[in-house]
Structure formats: structure tokens, C-alpha cells
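Quick note: the sequence shown uses the working numbering, first residue 148, plus one each step. A short write-up of the structure that comes next.
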Amino acid sequence: GYFAHTLVFAMMKKERNEHAVVFWDMQTDERHTKYIREVLKIASSEEYCTLATKSDDKDGSHVLIVCNAIGSPVESKYLTLEPLQVSMTNTHVCAASEEVIYVWQYRSANAKPSEAGMSPAGIRRRTK
148 GYFAHTLVFA
158 MMKKERNEHA
168 VVFWDMQTDE
178 RHTKYIREVL
188 KIASSEEYCT
198 LATKSDDKDG
208 SHVLIVCNAI
218 GSPVESKYLT
228 LEPLQVSMTN
238 THVCAASEEV
248 IYVWQYRSAN
258 AKPSEAGMSP
268 AGIRRRTK
């Protein structure tokens, strides 16, 4: 993903058995690396990115982690669904499994859901 002049990408580190997530500021050439066990998806908006990962818990849960340009977590949310697709805007993160779409307003508490064009509900069931 690319946001705030920062390229973020993940690569598996065999010697650590986890992903190295690199936050590379393209203007300053500064790099910050964070290590996360299993990165599934990366999405970005103007100021932040979201990493979708498997939780360390044995319950099969997943975590959405909103990070800033140096890789520091800003907010996180545990999910019971497996995020097969993830996207984000400046105010919302959307994660979708085969059956459920989860919409999370992660910042901008002043923005009303109707102004952002999103529903305030977090979980939507797909109708067949």
C-alpha cells in the first residue's frame, strides 16, 4: 500500500518465521520495520494503512491494525471473520469474508456515518 508518502509492504522472514512489514518513507528514504506473525492483507488511505493479520490467540480470530507512517499502531479491532478482502477510507475500514462485510469507523469521531456514505452498522449479512 501507499499512503502519506510511505510505501508499506510485507515479506516473510525465514529466520524469524514471521513477516517483516516495512514502512518506507519515499521522501526521506527512512525505513521502519515491524515484525508480525502472519500478515494477510494490507490496505491504505491518505494518512494510515491497515494490516489484516491472524491473531496469536488459538481461537482463530483475526486483527485489523491501523498504523501510521512509521508503523506505530493507532487502533486495532479483533474480528471473528477471516478478512479475505480489506479496503479503507480516511474514516472507515471494510473487511469482507465470504459471508460477512464488517465496516469499522476507526477515526474522525466528528464525521457522521451518513456524511461518509457508510452505514453505522458494523456487520452486514449477505442476502442470497
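Note that the Cβ used here is the ideal one computed from N, Cα and C, for glycine as well.
Please go through the same chain and pick out, in chain order, the residues whose beta-carbon is closer than 7 angstroms to the beta-carbon of residue i, but skip the five residues on each side of it.
i: residue 183; result: 165, 166, 168, 198 and 200
i: residue 159; result: 166
i: residue 264; result: Caution is warranted here: a pLDDT of 43 is assigned to residue 264, below 50, making its placement in the model unreliable, and the coordinate value is therefore given only provisionally. None.
i: residue 172; result: 152, 153 and 216
Is the shortest distance between the beta-carbon of residue i and the beta-carbons of chain C less than 8 angstroms?
i: residue 227; result: This model lacks chain C altogether, as it is built from one protein chain only.
Can you give me the Cβ contacts of residue i inside the same chain, cut-off strictly under 8 angstroms, excluding the 5 residues immediately before and after it?
i: residue 269; result: Low per-residue confidence applies at residue 269: pLDDT is 46, beneath 50, and the placement is therefore not dependable, though the value from the model is reported in the following sentence. Closer than 8 angstroms at the Cβ level, and outside the excluded window around residue 269, lie 249, 250 and 251.
i: residue 163; result: 182
Have a look at the options and flag the residue whose alpha-carbon is nearest the alpha-carbon of residue i.
i: residue 178; options: 212, 242, 188 and 217; result: 217
i: residue 155; options: 214, 207 and 185; result: 214
i: residue 300; options: 246, 176, 241 and 174; result: Nothing can be reported for residue 300: it is not among the residues displayed for the chain, which extend from 148 to 275.
i: residue 234; options: 191, 228, 210 and 181; result: 191
i: residue 189; options: 237, 219 and 149; result: 149
If we call anything under 8 angstroms between Cβ atoms a contact, is residue i one with residue j?
i: residue 151; j: residue 194; result: yes
i: residue 208; j: residue 226; result: yes
i: residue 277; j: residue 222; result: Outside the shown range of the chain (148 to 275) lies residue 277, about which nothing can therefore be said.
Tell me residue i's beta-bridge partners as DSSP assigns them.
i: residue 186; result: 200
i: residue 181; result: 168
With a CB to CB cut of under 6 angstroms and the five nearest residues on each side skipped, what residues in its chain are close to residue i?
i: residue 224; result: 211 and 251
i: residue 157; result: 166, 168 and 186
i: residue 237; result: 192 and 193
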